[in-house]
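Protein chains in written order, with the working numbering: chain S, 230 to 546; chain A, 35 to 316.
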């Protein structure tokens, strides 16, 4: 089927009317454009757009296990305010994000600086740093669970070297969240290393050469050239890791498989609590209400980020 | 102040020592990071009696754990499900996303920028946030406990469309012109010019999509409760709750699940890491 006509064509006048069947070249391009975008547009609308809208709608209903709906107004939001487990989950989520995001930033950037130079050795090292990110989170969670299993896991054999022993990493509410943060860090930092490597690549080498001539130390170079010029990358990393910590499927997988939110709800982040409310207790309306709060918080934080960084734009000076 | 010349121009032996130290630290760190995976493989080959001893190399390596996992549990079935779902999602997603990317990058039509922005704005929407309404929608469409429910919702994501669009924007305008002069339609341009040109980025994306779907857990867990539709990640999570004390079986199962992705990674590490690196900004 011939749909395209070009203004560059040499003899358009004979063939144009037959080929175009009443549509001008411009309109043919329009139609083609819409048709090409259509499958993805419909899919995204049904499986991403609609759920986002629906979570607001579901939030004002009570849904029973058999799919029956009853309008309850703001009852789900009132219930949220009075639910101590919701506030506990909000606290755990905030703590998880506040611990994980800075650690990811520092470790991601640290690893990137370590293997920044392009050579064979560093290529192998990069791959090794990144390898954990290739393994499924279920496997990651199971393997780490085994490594820290009460008193006899291999980590418990190593901790006496640091002067501590007999810690129940996943059984003690004091340590469970830290353990989960550590495993998340282990899994995610290779990815952020890659993002930072991309950012470091874009910094013009001339800056470092000029600084070297002026006698600047490596620390000065890092502080006055690397960090300021990495601002766009830093923004992206903080943004994405924050969203990943609060609402990411990866955080869900690790926590759900390792602890199911326990012990004593010490690792029950909001997304795990929401999931349990929906799929263990059938409280879809209540779960949707909590999700919509989460969406609004995420949007506010994102907006705040954008305002603070003047729309995500940075000047290179 | 007097030592500035020597630090600005360090002797070559100093440089060598610093470089060797640097490499040593990097290598030790890399081994520490890899240790849990090595440990997993190690236990998978150990006998139950040995699974809590601290030696990395098993004293009497055995294949019994693998045999047990592959015969005692329908792991082959889980893997076949995972493979079928991941491959289907990858192929359909590549087809749809190249189409959308091509239109958004190279065709002019009203509303194009708005459509692109709308797609881009779903970038940060994550599955746990929409899982409850998504489940309700998929249930209403009658796709619970069906391959369609596992496959269709996983196809659509902004990341692939975005990367492909960026790629197509960077291609020179001239490449279509000859085809247009020949009177080729947009479908032919897409099929016989754009698609062949996008082979490198498509292979990178294919690997990424396949891996992401092979490793996915939350959605398959939610949408398929029937055991013969379980993918391998759900299977292994369930296996763990049944055999919580048999760590050697657990690690053998984990190794079986992790090996395909690690092998893919070793073969395609450059493509995988490069395409993820460019997903940062730009």
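Even for Gly, the Cβ is constructed at its ideal location relative to N, Cα and C.
Q) If you measure from the CB of residue 310 of chain S, is any heavy atom of the ligand ATP nearer than 6 angstroms? A) Because no ligand of any kind appears in the structure shown, any question about the ligand ATP cannot be addressed here.
Q) Between residue 302 of chain S and chain A, is there a C-beta pair that is closer than 7 angstroms? A) Translated into the one-based positions of the first chain, residue 302 of chain S becomes position 73. Answer no: the Cβ-Cβ gap between residue 302 of chain S and chain A never drops below 7 angstroms.
Q: Give the straight-line distance between the Cα atoms of residue 153 of chain A and residue 485 of chain S, rounded to the nearest whole angstrom.
A: Taking the second chain and counting its residues from 1, one reaches residue 153 of chain A at position 119. Taking the first chain and counting its residues from 1, one reaches residue 485 of chain S at position 256. Rounded to whole angstroms, the gap between the alpha carbons of residue 153 of chain A and residue 485 of chain S is 30 angstroms.
Q.
Is it buried or exposed, residue 382 of chain S, if we count other Cβ atoms within 10 angstroms and call 16 or more buried?
A. Along the first chain, one-based indexing puts residue 382 of chain S at 153. With 16 or more Cβ atoms within 10 Å of its Cβ, residue 382 of chain S is classed as buried.
Q: Assign residue 173 of chain A to one of three DSSP states: helix, strand, or coil.
A: Translated into the one-based positions of the second chain, residue 173 of chain A becomes position 139. In this structure, residue 173 of chain A counts as helix in the three-state DSSP scheme.
(Q) As a quick exercise: from S/316, S/308, S/450, S/356, pick the residue whose alpha carbon is nearest that of residue 435 of chain S. (A) The residue labelled residue 435 of chain S in the question sits at position 206 within the first chain. Selected option, being the one with the closest Cα: S/450.
Q.
Between residue 265 of chain A and chain S, is the shortest Cβ-Cβ distance under 7 angstroms, so that the two count as touching?
A. Taking the second chain and counting its residues from 1, one reaches residue 265 of chain A at position 231. No - not a single Cβ of chain S is within 7 angstroms of the one on residue 265 of chain A.
Q) Just how far apart, CA to CA, sit residue 471 of chain S and residue 330 of chain S? A) Here residue 471 of chain S refers to the residue found at position 242 when the first chain is read from its first residue. Here residue 330 of chain S refers to the residue found at position 101 when the first chain is read from its first residue. If you take the alpha carbons of residue 471 of chain S and residue 330 of chain S, they lie about 6 angstroms apart.
Q: With a threshold of 16 other CB atoms inside 10 Å of the CB of residue 283 of chain S, please say whether the residue is buried or exposed.
A: In the first chain, residue 283 of chain S corresponds to position 54, counting from 1. By the neighbour-count rule (16 or more Cβ atoms within 10 Å), residue 283 of chain S is buried.
**Q.** Neighbour-count burial assignment, residue 210 of chain A, 16 or more Cβ in a 10 Å radius
**A.** Residue 210 of chain A sits at position 176 when you count from the first residue of the second chain. Residue 210 of chain A comes out buried.
Q.
Using beta carbons (cut-off 7 angstroms, strictly below), is residue 234 of chain A in contact with chain S?
A. Taking the second chain and counting its residues from 1, one reaches residue 234 of chain A at position 200. Not one chain S Cβ lies under 7 angstroms of residue 234 of chain A.
Q. Does DSSP put residue 251 of chain A in a helix, in a strand, or in coil?
A. Counted from its first residue, the second chain places residue 251 of chain A at position 217. The answer is coil: DSSP assigns residue 251 of chain A none of H, G, I, E or B.
Q: With a threshold of 16 other CB atoms inside 10 Å of the CB of residue 361 of chain S, please say whether the residue is buried or exposed.
A: Numbered from its first residue, the first chain carries residue 361 of chain S at position 132. Around the beta carbon of residue 361 of chain S, 16 or more other beta carbons sit within 10 angstroms, so the residue counts as buried.
Q: Quick one: measure Cβ to Cβ for residue 248 of chain A and residue 47 of chain A, integer angstroms, because I've assumed they're closer than 8 angstroms.
A: The count along the second chain starts at 1 and reaches residue 248 of chain A at position 214. The count along the second chain starts at 1 and reaches residue 47 of chain A at position 13. Between the beta-carbon of residue 248 of chain A and that of residue 47 of chain A there is about 49 angstroms, and that puts the pair past the 8 angstroms contact cut.
Q. What does residue 489 of chain S reach in chain A if we use C-beta pairs closer than 9 angstroms?
A. For the purposes of this step, residue 489 of chain S is taken as the residue at position 260 of the first chain. Contact of residue 489 of chain S with chain A by beta-carbon distance below 9 angstroms is absent, the smallest such distance being about 10 angstroms.
(Q) Check whether chain S comes within 7 angstroms of residue 315 of chain A, counting only Cβ atoms and requiring the distance to be less than that. (A) In the second chain, residue 315 of chain A corresponds to position 281, counting from 1. Residue placement at residue 315 of chain A is flagged as unreliable, the pLDDT there being 44, under the threshold of 50; a coordinate-derived value is accordingly withheld.
**Q.** Local conformation of residue 453 of chain S per DSSP, three classes
**A.** Residue numbering aside, residue 453 of chain S sits at position 224 when the first chain is read from its first letter. Three-state DSSP puts residue 453 of chain S in a helix.
Q: Using a cut-off of 9 angstroms between C-beta atoms, extract the partners of residue 259 of chain S located in chain A.
A: As a position in the first chain, residue 259 of chain S is number 30, starting the count at 1. The answer, in chain order, is 141, 142, 143, 144.
Q. So, is residue 477 of chain S buried or exposed, given that buried needs 16 or more other C-beta atoms within 10 angstroms?
A. Along the first chain, read from residue 1 onward, the residue named residue 477 of chain S stands at position 248. Buried.
Q. For residue 183 of chain A, which residues from the same chain have a beta carbon less than 6 angstroms from its beta carbon, with the 5 sequence-adjacent residues on both sides left out?
A. Reading the second chain from its first residue, position 149 is the one you call residue 183 of chain A. Only 172, 177, 257 meet the Cβ criterion.
Q | Reduced DSSP category for residue 291 of chain S - H, G, I as helix; E, B as strand; rest coil | A | Here residue 291 of chain S refers to the residue found at position 62 of the first chain. Residue 291 of chain S falls in the strand class under three-state DSSP.
Q: Counting only the same chain and skipping the five closest in sequence on each side, list residues whose C-beta sits under 6 angstroms from that of residue 242 of chain S.
A: Mapped onto the first chain, residue 242 of chain S falls at position 13. Caution applies to residue 242 of chain S, whose pLDDT of 44 falls short of 50 and renders its modelled position unreliable; the value that the coordinates give is listed next. If we look at residue 242 of chain S and ignore the five residues flanking it on each side, it has no Cβ neighbours.
Q: Return helix, strand or coil for residue 535 of chain S, following the three-state DSSP convention.
A: Walking along the first chain from the start, residue 535 of chain S turns up at place 306. Three-state DSSP puts residue 535 of chain S in a helix.
Q | For residue 310 of chain A and residue 237 of chain S, the rounded distance between their alpha carbons | A | Residue numbering aside, residue 237 of chain S sits at position 8 when the first chain is read from its first letter. Residue numbering aside, residue 310 of chain A sits at position 276 when the second chain is read from its first letter. Confidence is the limiting factor: at residue 237 of chain S the pLDDT is only 45, short of 50, which leaves the residue's position unreliable, though a coordinate-based value still follows. If you take the alpha carbons of residue 237 of chain S and residue 310 of chain A, they lie about 39 angstroms apart.
Q: Compare the C-beta of residue 276 of chain S with all C-beta atoms of chain A and state if any pair is closer than 7 angstroms.
A: Residue mapping note: residue 276 of chain S aligns to position 47 of the first chain, counting from 1. The beta-carbon of residue 276 of chain S is placed less than 7 angstroms from the nearest beta-carbon of chain A.
Q: Indicate the three-state DSSP secondary structure (helix, strand or coil) for residue 436 of chain S in the structure shown.
A: Locating residue 436 of chain S in the first chain gives position 207, where the first residue counts as 1. Reduced to three states, the DSSP call for residue 436 of chain S is helix.
Q: State the Cα-Cα distance for the pair residue 269 of chain S and residue 524 of chain S, rounded to the nearest angstrom.
A: One-based indexing of the first chain puts residue 269 of chain S at position 40. One-based indexing of the first chain puts residue 524 of chain S at position 295. One Cα belongs to residue 269 of chain S, the other to residue 524 of chain S, and the distance between them is close to 23 angstroms.
Q | Boundaries (first-last residue) of the beta strand (DSSP E) holding residue 300 of chain S | A | Here residue 300 of chain S refers to the residue found at position 71 when the first chain is read from its first residue. Judged by DSSP secondary structure, residue 300 of chain S falls within the beta strand (DSSP E) whose first and last residues are 298-300.
Q: Taking a Cβ distance cut-off of 9 angstroms, strictly less, list which residues of the segment 341-355 of chain S are near chain A, in chain order.
A: Cβ contacts with chain A: 343, 344, 350, 351, 352, 353, 354, 355.
Q. Does the beta-carbon of residue 258 of chain S have 16 or more other beta-carbons within 10 angstroms, so that it is buried, or is it exposed?
A. Along the first chain, read from residue 1 onward, the residue named residue 258 of chain S stands at position 29. So residue 258 of chain S ends up on the buried side.
Q: Hey, could you find the ends of the alpha helix (DSSP H) residue 428 of chain S is sitting in?
A: As a working note, residue 428 of chain S is residue 199 in the first chain. From DSSP, the alpha helix (DSSP H) with residue 428 of chain S extends over 402-430.
Q. Exposed or buried, which one is residue 54 of chain A when buried takes at least 16 other CB atoms within 10 Å?
A. The residue labelled residue 54 of chain A in the question sits at position 20 within the second chain. Residue 54 of chain A should be labelled exposed.
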